[in-house]
Amino acid sequence: MLLLELHDIIQNRREITEFKDTPIPADVMQRLMDAAVLSPSGNNLPSREFIVVRNKDTLAHLADTPAALSWVKNADAAFVVTGRPDISKYWLQDSSIACGFLWLAAVNEDLGGAFGAVYHAQDAEETEKRENFVRRVLDIPKDRHITAILGFGWPASHPGAKTPPENSGLVHHETFQSS
Numbered sequence: 001m002l003l004l005e006l007h008d009i010i011q012n013r014r015e016i017t018e019f020k021d022t023p024i025p026a027d028v029m030q031r032l033m034d035a036a037v038l039s040p041s042g043n044n045l046p047s048r049e050f051i052v053v054r055n056k057d058t059l060a061h062l063a064d065t066p067a068a069l070s071w072v073k074n075a076d077a078a079f080v081v082t083g084r085p086d087i088s089k090y091w092l093q094d095s096s097i098a099c100g101f102l103w104l105a106a107v108n109e110d111l112g113g114a115f116g117a118v119y120h121a122q123d124a125e126e127t128e129k130r131e132n133f134v135r136r137v138l139d140i141p142k143d144r145h146i147t148a149i150l151g152f153g154w155p156a157s158h159p160g161a162k163t164p165p166e167n168s169g170l171v172h173h174e175t176f177q178s179s
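Here UniProt numbering is used: the first residue of the sequence shown is 1, the next is one more, and so on.
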């Protein structure tokens, strides 16, 4: 197992949408699933669930989700991350944190990945359109919200590591200071 320092993993996380046609081994998939379910959640409630998709026809169908997910058809696997508002009012935060853990775990395995938002917090109509599409493809119950689809595979190329911009105005100290 490839182990990187956490900072290196964070810097090397890039959006990868071109993948080699090489399967992800079962042990790697298991570690990704473990990372997802071990991610923190408010009050340790099971407010998020995951659907792992490996079937190429299903991946191709998910690529048609009205959320710019055409790249998912080339992934070896996709994780559909859902939230349970019936279990926790923090379902969106919990499922979003799980997405981050999952993506960083994939980078640790030297996989490439991409994130496609399904839930659109500021557009209920768009959310309904996207969720209904994914719901039909995967038979997801109506009481789940669909946060995102993450696709993973062996990257066709490796872009360089990201470097944080200097004085970007994104980090403030002690109080909020406009730049």
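Idealized CB from N, CA, C, for every residue including glycine.
Fair warning: this is a prediction, and the values are worked out from it, not measured in the lab.
Check, Outcome
"The region 37–52 touching the region 71–85, judged by at least three CB pairs closer than 8 Å", "yes"
"Residues bridged to L150 (per DSSP)", "F79 and F115"
"Whether G169 touches W71 by CB criterion (8 Å)", "no"
"Any 3 or more C-beta pairs closer than 8 Å across the region 124–138 and the region 54–62", "yes"
"Run of the alpha helix (DSSP H) containing S136, from where it starts to where it stops", "Inspection of the sequence shows that residue 136 is occupied by Arg rather than by Ser. First-last of the alpha helix (DSSP H) with R136: A124 to L138."
"Rounded C-alpha distance that separates residue 196 from A78", "For the chain, the structure presents residues 1 to 179; residue 196 sits outside this window and is missing."
"Same chain, Cβ closer than 6 Å to I24, five either side skipped, listed in chain order", "D76 and A77"
"Identity of the residues DSSP links to R48 by a beta bridge", "G83"
"Cβ shell of L54 (< 6 Å), same chain only, five flanking positions each side left out", "Per the sequence shown, the amino acid found at residue 54 is Arg instead of Leu. Counting only Cβ-Cβ distances below 6 Å, and skipping sequence neighbours, we find A77."
"Buried/exposed call for D143, threshold 16 Cβ in 10 Å", "exposed"
"S95, buried or exposed, once every other Cβ within 10 Å from all chains shown has been counted against 16", "buried"
"Delimiting residues of the alpha helix (DSSP H) encompassing A98", "W91 to N108"
"Local Cβ density within 10 Å of F26, reported as buried at 16 or more and exposed below that", "The sequence as given places Ala at residue 26; Phe does not occur at that position. Flag for A26 reads exposed."
"Pick from F115, V80, P164 and L111 that is closest to L138, judged by C-alpha positions", "V80"
"Three-way DSSP call (helix, strand, coil) for H158 in this model", "coil"
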